[in-house]
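Working notes, beginning with the structure itself.
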Amino acid sequence: MIPIRDTIRPRSIPVVNHTLIAVNAVVFLVQLGQGAGLERFIYTWGLVPARFTDPRLSAYFGLVGNLASLLTFMFLHGGFWHILGNMWSLHIFGDNVEDRLGPLRYLAFYLACGLLSGAAHMALNPRSPIPTIGASGAIAG
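Residue 181 in our numbering sits at position 119 of the sequence shown, and the numbers go up by one each step.
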């Protein structure tokens, strides 16, 4: 069953939640603008476990590029339905979590959940050359 709405209204404006949705939307628009370079864009900014286990790949992307991908993969999406489902879930449930935790703790929790989902994926698929993208792990947390 797809959730349509929740019945709990936040006590304050969920600024971080709205910002996360906006950032995801802007990054998705940037993705759409890549045209023929989309695959390279996703490979560069997505989380590719092999970049951390293959010395050649690791050297090619460098320390900063590899560390950046631990964060940037959470803002990329595989298509319209992927981002729509993620942002819809974030819209429905994220405001309540932000209300409960406060904006800074909510942002830290969201990013920590995304990082943990990426770490779990890398632990289970350490040599995978396939990029992982999406905010699903952060949102599920």
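Even glycine gets a Cβ: it sits at the ideal position worked out from N, Cα and C. Predicted model, so just to flag it, every value in this text is computed and none were measured.
* Asked: Under the DSSP definition of a beta bridge, which residues are partnered with residue 109?
  -> Here the question's residue 109 lines up with position 47 in the sequence shown. Residue 109 pairs with 194.
Query raised in the report: Do you know whose CA, among 192, 189 and 172, lies nearest residue 136's CA?
Result: The residue you call residue 136 lines up with position 74 of the sequence shown. The residue with the shortest Cα to Cα distance from residue 136 is 172.
Quick check: residue 193 and residue 85, are their CB atoms within less than 8 Å of each other? Taking the first residue of the sequence shown as position 1, residue 193 is located at position 131. Taking the first residue of the sequence shown as position 1, residue 85 is located at position 23. No.
**Prompt:** In this structure, does DSSP put residue 76 in helix, strand or coil?
**Reply:** Here residue 76 is taken as the residue at index 14 of the sequence shown, counted from 1. In this structure, residue 76 counts as coil in the three-state DSSP scheme.
Could you tell me the distance, in whole angstroms, from the CA atom of residue 144 to the CA atom of residue 197?
To locate residue 144, count along the sequence shown from 1; it is residue 82. To locate residue 197, count along the sequence shown from 1; it is residue 135. One C-alpha to the other measures close to 9 Å.
Of the residues 159, 169 and 91, which one's Cα is nearest the Cα of residue 72?
-> Sequence index remark: in the sequence shown, residue 72 carries index 10 (1-based). When each option's Cα is compared against that of residue 72, the closest is 159.
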